[in-house]
Amino acid sequence: MLDTDSLVVHLRNSIREQHLQQKCESLRTSRRKGGDRGGEGGGGRGGRDEEGPESEDSTDSIHDTVTKKLLLQHNMLLSLPFEITRFSSLVSLDLSNNNLTHVNDFLLQLPDLQALYLQNNNLADDGLPKELHTLTKLRELNLSGNKLTRVLPQLCEVVGLRYLYLGGNEITEILPEIKALQSLQVLHLGGNLLETVPDELGELHQLAALILCDNRLRSLPRVISNLTRLRSLLLHKNNLCCLPVCIVKLRGLAELSLRDNPLVTRFVNSCAREIMYNTPSLLELAARVIKLKKLPYTSEDLPRNLVHYLSSGQRCVNPKCKGMYFTSCVEHIKFVDFCGMYRLPLMHYLCSSRCSSKTPDYYRALSESDSEEDEPAARMKRVLLG
Amino acid sequence: METSALPQINTLDDLIGELYKVFDGDEVNVDYVNYLMSSYKSNPLDWKKFAKFDRYRYTRNLIDEGNGKFNLMLLCWGASHTSTIHDHADAHCFMKLLAGSLQEVRFEWPAEEGNRTDRSEEDQDRLMVEIGRGEMKVNDVCYINDSLGLHRVENPSHSENAVSLHLYCPPFSSCSIFDERTGKRSKCPVTFWSKFGERVDLKKPKSCCD
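Protein sequence lines correspond, in order, to chains A and B. Residue numbers for the first sequence, in my numbering: 1 to 386. Residue numbers for the second sequence, in my numbering: 1001 to 1210.
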């Protein structure tokens, strides 16, 4: 187990050895090829190779340009030694399970760094370099098991990031700036203190895994259904009562965990019907009839605010009902089978509290074909049971 | 057993060697197998080559096929990875934690699905019943079979990987998985991420249990 000082000694020795090896290699090659410089990996900086490796001065300026991975996990490092920057071709740096309270800015001098592992250290919000975006090749960053309280702004600037692990911190908010991480495939935020997540999460279109388990989430934004590439959604151990109905759009979802949430009970369901309904206004009723009977109108016939109102109508989710509603609807929680494996309580909006599959408010004749407008209803029909 | 001294299990290969001897006969001495699994002290140098992780879910990596009598495999769990609730297809299952931490939650078998024609919304009545849970430490061994119930295994850490060693006898290629809220049972094939240290090329490894 190394502390920072011991590590410095080890690194210096390693760089010196690597340099010697390269010197021998290039000498051998030059003998063979009559002075031609061969060998892989380059020979360090500029004319450095001509200098003798024994002198202390040269040791400070030679680089190891061969080593790609540095494994320094499970040590007792309190800080990073500057010697790290001598490994100028480093692609992967593992500093997990140490005692780091901060990561020095000189880490940014590793231009080829693609993966940085910092899990299980003591990093707080001010412990990371501010200009993290200078690591343009960074694809994977693991900051789990630290003391972060937010998804830091500098993280949102590393736009090439594919895998971001922030589990087991004390994070209470996700900045909307996160939408800049357009290449993100895995976002791990399990074991934090999140009560909500921003709509901007729905813009991370490459996301395949979203881990939000063990937080304090009360609801999920509807835009989660925009994450068409999502394969894994871990929501267990939160405060969710139900899910937005559009979640059934996530056809690629292979893994959905919902346990340890106060998901809706029978009692709450019957209560909801009474409490949530507000009597429709005359405006609403008139609009419903216009839409139901498909009465033609143009923007010249009506004032702009009415045209806008009419276009804000929503389809009643009951597939047997062709009714629409505007502002007056009933929040109804229905259990829905999903992918043959899960039964989810989903928040539906029905056009009235009487509307049900047996007695729809606005009966749709069986002969009416499914137009494009009817697509969402048709999809719900496939998914609803009985 | 004869009065000879109990074998020394220093490496994973030692363990495998002893397992072959134990499973040579038809009877399985559960206590003795438990002892063997416990005696082996986890050494990453032994099993590193089987430890292949996936970002999305835990992986099953076959170590030894035990002449068809048993399967020995390494399971690799990323942070927060969980299994479904599953049975063990009438087989013995021994599980040993080699690195990190794992939590096991045991459940009663749900009531038979018989008369469930009316799928109403009152699913609360069919919630699966937990009968116990335990946190495993490195080198702990636990045993389960269908008569003891069903279980779910999960990596409770959000920042650390876990690795476990699993022994099944006889080997099985499919089992049942259960929805915790309804007890609904489905069949699920069981596949390997890698075999003998080599990644298996499958179109879509949809296995849900360990």
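We treat Cβ as the ideally placed atom computed from N, Cα and C, and that holds for glycine. Nothing here was measured: the structure is a model prediction, and the numbers come from that model.
Asked, Found
"Chain B contact residues for His-188 of chain A, given Cβ-Cβ distances below 8 Å", "Ala-1079, Ser-1080, His-1158"
"Contact with chain A by Arg-1133 of chain B, beta-carbon distance below 7 Å", "no"
"Pair within 7 Å by beta-carbon distance, Tyr-1058 of chain B and His-1081 of chain B", "yes"
"The beta strand (DSSP E) enclosing Lys-1021 of chain B, as first and last residue numbers", "First-last for Lys-1021 of chain B: 1012–1022, but that is the alpha helix (DSSP H), not the beta strand (DSSP E)."
"Given Thr-4 of chain A as reference, the closest of A:Leu-285, A:Leu-217, A:Phe-82, A:Asp-64 once Cα atoms are compared", "A:Phe-82"
"Residue-chain proximity (Arg-1055 of chain B, chain A), Cβ-Cβ < 7 Å", "yes"
"Residues sharing a beta bridge with Met-1095 of chain B, DSSP", "B:Cys-1142, B:His-1166"
"Interface residues of chain A facing Glu-1180 of chain B [CB-CB closer than 7 Å]", "Arg-259"
"Where Asn-305 of chain A falls: helix, strand or coil (DSSP)", "helix"
"Span of the alpha helix (DSSP H), counted from its first residue to its last, around Pro-1044 of chain B", "1044–1047"
"Beta-carbon proximity of Val-1129 of chain B to Glu-1108 of chain B, cut-off 7 Å", "yes"
"Residue from A:Pro-303, A:Asp-64, A:Thr-298, A:Ser-312 whose Cα sits closest to the Cα of Arg-288 of chain A", "A:Ser-312"
"Classification of Val-159 of chain A by the beta-carbon crowding that lies within 10 angstroms, buried from 16 upward", "exposed"
"Exposed unless 16 or more other CB atoms sit within 10 angstroms - verdict on Ala-1079 of chain B", "buried"
"Short CB-CB distance (under 7 Å) between Ser-311 of chain A and chain B", "no"
"Span of the beta strand (DSSP E), counted from its first residue to its last, around Ala-392 of chain A", "The structure shown does not extend to residue 392 of chain A, since chain A is modelled only from 1 through 386, so no value can be given for it."
"Supposed close pair Leu-143 of chain A, Tyr-165 of chain A - CB separation, criterion 8 Å", "6 Å"
"CB contact below 7 Å: Thr-1117 of chain B versus chain A", "Here the model assigns Thr-1117 of chain B a pLDDT of 47, short of 50, so the residue's position is not dependable, and the following value carries that caveat. It does not: the Cβ of Thr-1117 of chain B has no partner Cβ on chain A nearer than 7 Å."
"Integer-rounded CB distance, given that Arg-139 of chain A should sit under 8 Å from Gln-109 of chain A", "Rounded, the Cβ-Cβ distance is 18 Å, inconsistent with contact."
"Closest Cα partner of Met-76 of chain A within the set A:Leu-11, A:His-308, A:Leu-155, A:Asn-99", "A:Asn-99"
"Which of helix, strand or coil DSSP assigns to Tyr-1035 of chain B", "helix"
"Separation of Leu-230 of chain A from Glu-255 of chain A, as counted between CA atoms", "9 Å"
"6 Å Cβ shell around Leu-163 of chain A - same chain, five flanking residues per side excluded", "The displayed chain sequence assigns Tyr, not Leu, to residue 163 of chain A. Result list for Tyr-163 of chain A: Glu-140, Val-186, in chain order."
"For Val-1105 of chain B, the three-state DSSP class (helix, strand or coil)", "strand"
"Beta carbon proximity, Ala-209 of chain A to chain B, threshold 7 Å", "yes"
"Integer Cβ distance of Glu-200 of chain A from Lys-179 of chain A, believed to fall under 8 Å", "4 Å"
"Contained beta strand (DSSP E) runs [length at least 3] in the stretch 1055–1090 of chain B, N- to C-terminal order", "1059–1064, 1071–1077"
"Residue closest to Glu-435 of chain A, alpha-carbon to alpha-carbon, out of A:Leu-107, A:Leu-148, A:Asn-239, A:Leu-189", "With chain A covering only 1 through 386, there is no way to say anything about residue 435 of chain A."
"Three-state secondary structure assigned by DSSP to Leu-210 of chain A", "strand"
"Three-state class that DSSP yields for Leu-2 of chain A in the structure shown", "coil"
"Beta carbon proximity, Asp-1210 of chain B to chain A, threshold 7 Å", "Note on Asp-1210 of chain B: pLDDT 49, under 50, position unreliable in the model; the coordinate value appears next. It does not; no Cβ of chain A falls within 7 Å."
"Minimum Cβ-Cβ distance from Gly-202 of chain A to chain B less than 7 Å", "no"
"Closer than 7 Å to chain A by CB, Thr-1191 of chain B", "no"
"Identity of the residues DSSP links to Lys-1195 of chain B by a beta bridge", "B:Leu-1062, B:Glu-1198"
"Continuous beta strand (DSSP E) stretch holding Phe-1172 of chain B: start and end", "Careful: Phe-1172 of chain B lies outside any beta strand (DSSP E) and carries neither H nor E."
"DSSP state of Gln-314 of chain A mapped onto helix, strand, coil", "strand"
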